[in-house]
Amino acid sequence: MNLVADARWQSANHQYLVAALAVVQETLEQFVQTQEGSEVSQNTAEDSQQRLAAIAAAMTKPPALEVVCGTFDLSDFERDVLLLCAGMELDAAFPRLCATIQGREQQAYPTFSLALTVFPDAHLSAIAPSSSLLHWRLIEVEENRVFTLSPLRLSRWALLYLMGMPHLDRELSGLMKPVVNRGALLPSYEAIADRLSTTWIEGSERGLLPIVQLCGEEVTTKWAIAATACEQVDLNLYRLSAQAIPQERRELETFLRLWQREVILGDRALLVDCDGGYHDDVAQESALHQLLEEIGGIVLVSSRDRRRLPQRPTLTIEVSKPTPTEQQAIWKAALGERQTEVNGQVEALVAQFDLSSSAIAAACIAASSPTSSPSPLSSQLWDICRLQSRPRLEELAQRIEPAATWEELVLPEAQRQVLRDIAVHVRQRSQVYDTWCFRTKGNRGLGISALFAGSSGTGKTMAAEVLARELRLDLYRIDLSSVVSKYIGDTEKNLRRVFDAAESSGVILLFDEADALFGKRSEVKDSHDRHANIEVSYLLQRMEAYRGLAILTTNLKDALDQAFLRRIRFIVQFPFPDLPERVEIWRHIFPAATPTQGLEVEKLAQLNVAGGNIRNIAMNAAFLAAEAKEAVQMSHVLQAAKREYAKLEKSLTDGEIRGWVK
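With the sequence shown counted from 1, adding 15 to any position gets you our numbering.
Below, the structure is given as structure tokens:
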């Protein structure tokens, strides 16, 4: 309805309500005239009905009064009571007439006793608690008095509705907020909205409306989809936080009744917002389930993860980020004329970072800031996206700032080549999977996974750092021994949190101590064995689907199940360094800024330890030299080596330190 037509309806609705009130006023005045023995006015009910019918006939939609009476199936008597209460709010004559009829100036208000006395076709069922007037709280009765003599009052909600200004009841408006449609959706989201509206139309015809569950991290997008779908079927959408659902049974029943009143009038839909996560609040979860079990009308649930809902038909839809094609279009539109500066790197940004429309717009704005970096725009955008999409994994993972370089990584050439291959797969996955359509051959196994095997200190974490630095990606280390839980299901929950948080940025995930989870599969003897195997399968499944690089490290490759190893794309064995490799490690171990004197790397390499131990020895030697205010010398390294060996519970042999100190 346009504004002009709406204004006309408002005017006509006002005339209709005034005319209807006049009919009730005439009834009251005629009753007073009869009481007083005066001459009774000759206005007939037939004339009044004709006047109302003429007004209604000219209206574009039914008067609000008739909508309420028809929707809640009010009898003629109940309609008169409703108008009697409305007259008290809108016409000064009504209080005077009520006082006159009841014979006391102080009783200038309507009561059921007055209504039963004055109006025709009166019936006592109208004052029963289950009656429409009371059940739907169209009128309110003042308590602590004789019921039939208690003052009656039209509810504020009913008054506004009769006046053509429908509003949520105050008890509802304090708990929920309207969801406004902010504009056109992306095509993939528009398709979801179309599916919802079609489901509701078909469900209404069959008398079966499922609960709709919208899952995913894109909260505002889910709200926009829901609002668009509701708009398509002429519904106003309201959002209720799951945390605001009344837990007291009586309060919940009141809420359900007031909301059902809105639903019956036909223009409201409810979105229950569970994105805040209330799974651990037992009372809140119980209230949520009760509400979803009993509520009517169109109901949607917005939740990050799929939830177990009551035994009602449910339609669950995953709402993801925009499609890669949509993201490319959003990037180009946001960059405008500057897109030529990124040298075709939009595709690379989309391939690496799975961002929402708002995140892409924010990245472009940040890159346009006067305080932005002087580096090329494509480089700026890459770094901004890294920061924007950086996952929050403080409890489960440690972010490592990659500092190691290829020059510092000492490995046989075969292993170095596998690492280069891993980097190639990460850089070119969009080209191969999407442009060259390998994804159409099946989605399984598209995740890039690697196993780094070798004893402690052989360079597994350093290799991950080298890859992260070359690919300009964040590196997160997850200690699997801390993620694995003795409680059934908790390990899977922890792993889900890691992958879900990392998905949008495609960071490199380094799962350390894989032995904690990946022992050889044993015979299933109880539920714990079965769930342990499920957890391993879940981890591999998520690694295979992960859009970034996932690396597992182990000290005991032979202890891993071959069935699991076959699902890993790359396996790199990190050998214990031989003498020439230890020479190279020592040659690069001290930073250029560290003063050294008389160090002989060939002799230092005689120490039969791994690269990690060499790093510890070099650092401790540097501290000893700094304390002595000297350059690092062989004597400092010797002291540090003795302490490292003691920590390893090993003894330095004469052959390892021969000729170190003269």
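Note that CB positions come from ideal geometry on N, CA and C, so glycine has one too.
Helix, strand or coil, according to DSSP, for residue i in the structure here?
| i | result |
| --- | --- |
| Cys100 | helix |
| Pro328 | coil |
| Ala643 | coil |
| Arg492 | strand |
| Asp576 | coil |
| Tyr31 | helix |
| Arg254 | strand |
| Ile566 | strand |
| Ala531 | helix |
| Ser288 | At residue 288 the sequence reads Asp, which differs from the Ser that was named. Here Asp288 sits in strand by DSSP. |
| Leu273 | helix |
| Val297 | helix |
| Asp544 | Residue placement at Asp544 cannot be trusted, given a pLDDT of 49 that sits under 50; the coordinates are not used to answer. |
What's the C-alpha gap between residue i and residue j?
| i | j | result |
| --- | --- | --- |
| Asn628 | Ser318 | 48 Å |
| Arg431 | Cys400 | 29 Å |
| Tyr31 | Ser90 | 19 Å |
| Arg693 | Leu580 | Outside the shown range of the chain (16 to 677) lies residue 693, about which nothing can therefore be said. |
| Arg119 | Leu112 | 11 Å |
| Lys572 | Ala257 | 47 Å |
| Ala35 | His138 | 21 Å |
| Leu622 | Arg557 | 41 Å |
| Ile142 | Thr236 | 47 Å |
| Trp24 | Lys76 | 8 Å |
| Ser146 | Ser140 | 7 Å |
| Ile380 | Asp288 | 30 Å |
| Ser53 | Thr132 | 19 Å |
| Arg487 | Leu594 | 32 Å |
| Ala27 | Ala72 | 10 Å |
| Val539 | Glu550 | Confidence at Val539 is low in this model, with a pLDDT of 44, below 50, so the placement of that residue should be treated as unreliable; the coordinate-derived value is given next. For Val539 and Glu550, the distance between alpha carbons rounds to 13 Å. |
| Gly218 | Pro181 | 26 Å |
| Ser335 | Asp21 | 39 Å |
| Gln648 | Asp398 | 41 Å |
| Tyr176 | Arg197 | 26 Å |
| Ala607 | Glu423 | 13 Å |
| Ala418 | Glu480 | 7 Å |
| Leu223 | Gln275 | 16 Å |
| Leu201 | Glu157 | 53 Å |
| Arg630 | Pro427 | 19 Å |
| Arg536 | Leu554 | Its pLDDT being 46, under 50, Arg536 is placed unreliably in this model, and the value from its coordinates should be taken loosely. Answer to the nearest angstrom: the Cα atoms are 14 Å apart. |
| Arg673 | Lys618 | 8 Å |
| Val425 | Ser471 | 15 Å |
| Ile583 | Lys456 | 19 Å |
| Ser542 | Ser552 | Below a pLDDT of 50, predicted positions are generally treated as unreliable, and Ser542, at 46, falls in that range; no measurement from the model is reported. |
| Pro391 | Ala382 | 10 Å |
Going by beta-carbon coordinates alone, are residue i and residue j separated by less than 8 Å?
| i | j | result |
| --- | --- | --- |
| Thr243 | Ala208 | yes |
| Gly626 | Thr473 | yes |
| Leu411 | Arg492 | no |
| Ser393 | Gln360 | yes |
| Ile154 | Leu167 | yes |
| Leu402 | Leu364 | no |
| Glu362 | Ser445 | yes |
| Ser372 | Pro337 | yes |
| Gln40 | Ala108 | yes |
| Ile523 | Leu482 | yes |
| Ile463 | Val441 | yes |
| Thr86 | Leu280 | yes |
| Pro590 | Gly469 | yes |
| Ile332 | Leu267 | no |
| Phe453 | Ser404 | no |
| Ala698 | Gln354 | Nothing can be reported for residue 698: it is not among the residues displayed for the chain, which extend from 16 to 677. |
| Leu250 | Ala284 | yes |
| Asp290 | Val357 | no |
With residue i and residue j assumed to form a contact (beta carbons below 8 Å), what rounded beta-carbon distance in angstroms separates them?
| i | j | result |
| --- | --- | --- |
| Glu528 | Asp494 | 6 Å |
| Thr329 | Ile226 | 5 Å |
| Val194 | Ala241 | 7 Å |
| Val624 | Val598 | Not confirmed; about 13 Å, so no contact. |
| Leu306 | Leu271 | 7 Å |
| Arg327 | Thr420 | That pair is no contact at about 58 Å. |
| Leu567 | Phe526 | 5 Å |
Is it the case that the CB of residue i approaches a heavy atom of the ligand FAD more closely than 7 Å?
| i | result |
| --- | --- |
| Arg23 | Inclusion of the ligand FAD in the displayed structure is not the case, the ligand content being empty and no account of it being possible. |
Uninterrupted beta strand (DSSP E) stretches inside the stretch 126-180 (no shorter than 3 residues)
As summarised for the stretch 126-180, the continuous beta strand (DSSP E) elements at least 3 residues long and confined to that stretch are 154-156, 167-169, given in chain order.
Threshold first: 4 residues or longer. Then list the alpha helix (DSSP H) segments lying entirely within the stretch 427-478, N to C.
Taken in chain order, the complete alpha helix (DSSP H) segments of 4 or more residues contained in the stretch 427-478 are 428-445.
List in chain order: all unbroken alpha helix (DSSP H) runs of 4+ residues lying wholly within the stretch 592-663.
594-604, 616-619, 626-642, 649-663
My parser needs the beta strand (DSSP E) runs of 3 or more residues fully inside the stretch 361-427; what are they?
The stretch 361-427 contains these whole beta strand (DSSP E) runs: 413-415.
Please give me, in chain order, every unbroken run of the alpha helix (DSSP H) with length at least 4 that falls completely inside the stretch 37-81.
Segments of the alpha helix (DSSP H) lying fully in the stretch 37-81: 60-72.
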